[in-house]
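Enquirer: Submitted below is the structure of interest, expressed as structure tokens.
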Ligand SMILES: [Zn+2]
């Protein structure tokens, strides 16, 4: 049975789905027409596989952050590229200025001996504490705004994207008062952060920032596909919304894996001892897990009574990784490790206790949870750094020369709606290349960076299938 299923899973199908999604529905921000089309596409795939599919329209508090403006005022005037974080507050039209104070990771302890009242804080982007919590702590400490410095190697010019809304899912009448952002928050690159830290080492620094963001309630579309086999079921979930740009690995690849798993398991539905419920979540990126928390709330009894496990598929294929980084609750650990030892040939398996990250909205219901992704070894990280410096940095410079991006980080009209961070990623360079032949030529001259990345995007999907097999074996 297992062999049959493994043999039927098609890498070609998965790749075709990813290609279709990224080419016809890029920038799947929850609450936009492309996100609605994506929900319809997921429903079509479920129906085609023989599952019962439905699209639920749910209200979601989402955010559309844009480029931010950051200017160093003293000691010398300098403009640094920046992104507004999701759910950040808008600054007044003239911006917000103040003295800059460095607060490390942005934990309470990092504020010891520092007076940040009325000042702008600079923190390190990390998961300890998360963006949302850094923002909340900065507000409690009296800071007026926070700048978060991206991680990565010192030369890294990529801008971070993310939300700073602490409330999990839609806020309730209570948490809208206590768990919503209280200040403007922006993200800057690792290298720009290094520049600011150098300045702070020499003396006082004043900055001015301006955020651009639209926060509001929109109708969001969640797709659910059900393969009925028994009352009990395994819940398989992955977000179908995405950031600006193509979002091939995060999470077109995950959605494509879900379509293929549904198709193949449906062929063998009479042999299944449990059903499968596929949840294509939305409001993940800019809403903080709106759909999965909505599903948990509205299906609480059924999930509590009949869901035997929750498997999350998010960002499954990462190019150049050789680790298998699994996260689970203890009840599932022996099971998936037994599968891994059978199925993972050349991957270094590592285990982590599942934290509340991604769409892990089912801890409270008591459902065993599992998810995994590729992980980098230190050597692979170093190789990525080399590749980025060789390929991505020259591409970014070409954008600057061609007027793709202004030096102040604002997008050229051709790129309106695309964040600076996304443009700096090689995936977005491909789209730009299609639009502008002159840029295309330049890309080829420096070694075809755009096409290299395009080929790279399909490779993780191929790997993903093997992992999909392992996870469902
Ligand atoms: Zn994701």
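Numbering (the numbering used here), first residue to last: 1046 to 1518.
Where is the CB? At the ideal position from N, CA and C, for every residue including glycine.
#1: Could you tell me the alpha carbon to alpha carbon distance between residue 1239 and residue 1281, rounded to whole angstroms?
#2: Whole angstroms are fine: how far does the CA of residue 1398 sit from the CA of residue 1060?
#3: Hey, how far is the Cα of residue 1376 from the Cα of residue 1307?
#4: Quick check on DSSP: helix, strand or coil for residue 1446?
#5: Can residue 1344 be considered in contact with ligand 1, in the sense that its beta carbon sits closer than 7 Å to one or more heavy atoms?
#6: To the nearest angstrom, how far is it from the Cα of residue 1408 to the Cα of residue 1414?
#7: Within 7 Å: the Cβ of residue 1359 and any heavy atom of ligand 1?
#8: Per DSSP, what kind of secondary structure is residue 1482 in: helix, strand or coil?
#9: Please look up how many angstroms separate the CB atoms of residue 1243 and residue 1102, rounded, as I've assumed it's under 8 Å.
#10: Going by CA-CA distance only, name the one from 1211, 1237, 1171 that's closest to residue 1227.
#11: With H, G and I counted as helix, E and B as strand and the rest as coil, what does DSSP make of residue 1153?
#12: Is the beta carbon of residue 1207 closer than 8 Å to that of residue 1130?
#13: Does at least one heavy atom of ligand 1 sit under 7 Å from the Cβ of residue 1295?
#14: For the alpha helix (DSSP H) containing residue 1087, name the first residue and the last one.
#15: Counting C-beta neighbours from all protein chains within 10 Å, is the total for residue 1380 16 or more, i.e. buried, or is it exposed?
#16: Determine which residues share a DSSP beta bridge with residue 1357 and list them.
#17: Between the C-alpha atoms of residue 1038 and residue 1253, what's the straight-line distance to the nearest angstrom?
#18: When you measure from the CB of residue 1284 to every non-hydrogen atom of ligand 1, does any distance come out below 7 Å?
#19: For residue 1046, which of 1314, 1183, 1233, 1177 has the nearest alpha-carbon?
#20: Could you have a look at residue 1243 and say whether DSSP puts it in helix, strand or coil?
#21: So, for residue 1341: in the same chain, excluding its five sequence neighbours on each side, which residues have a beta-carbon less than 8 Å away from its beta-carbon?
#22: Are residue 1270 and residue 1359 close, meaning C-beta to C-beta below 8 Å?
#23: In or out: residue 1393 buried (at least 16 other Cβ within 10 Å) or exposed?
#24: In three-state DSSP terms, what is residue 1106?
#25: Roughly how many angstroms separate the alpha carbons of residue 1456 and residue 1127, rounded to a whole number?
#26: Would you say residue 1091 and residue 1098 are within 8 Å of each other, going by their C-beta atoms?
#27: What first and last residue would you give for the alpha helix (DSSP H) that runs through residue 1386?
#28: If you reduce the DSSP assignment to three classes, tell me which class residue 1228 lands in.
#29: By a C-beta neighbour count over all protein chains shown, 10 Å radius and 16 as the cutoff for buried, is residue 1262 buried or exposed?
#30: Considering only DSSP beta bridges, list what residue 1397 is partnered with.
#31: Quickly, what does DSSP pair residue 1263 with across the bridge? List them, please.
#32: Can you tell me where the alpha helix (DSSP H) holding residue 1169 begins and where it ends?
#33: Check whether the Cβ atoms of residue 1124 and residue 1145 sit closer than 8 Å, and answer yes or no.
Expert: Let me lay it out:
#1: 41 Å
#2: 31 Å
#3: 24 Å
#4: The predicted position of residue 1446 is uncertain, since its pLDDT is 44 and thus under 50; a value taken from the coordinates is nonetheless stated next. If DSSP states are grouped into helix, strand and coil, residue 1446 belongs with the helices.
#5: no
#6: 8 Å
#7: yes
#8: Only weak support exists for where residue 1482 lies, its pLDDT of 44 falling under 50; the value from the coordinates is given anyway. Note: residue 1482 maps to helix in three-state DSSP.
#9: Actually they are not in contact, since the Cβ atoms of residue 1243 and residue 1102 sit about 50 Å apart, beyond 8 Å.
#10: 1211
#11: helix
#12: yes
#13: yes
#14: 1078-1093
#15: exposed
#16: 1282, 1416
#17: No answer is possible for residue 1038: it lies beyond the span of the chain, which begins at 1046 and ends at 1518.
#18: yes
#19: 1314
#20: helix
#21: 1348, 1406, 1407, 1409, 1410
#22: no
#23: exposed
#24: strand
#25: Because residue 1456 carries a pLDDT of 35, less than 50, the predicted location of this residue cannot be relied on, and no value is offered for it.
#26: yes
#27: 1375-1388
#28: coil
#29: exposed
#30: 1372
#31: 1105
#32: Here residue 1169 belongs to no alpha helix (DSSP H); instead the beta strand (DSSP E) covers 1165-1169.
#33: no
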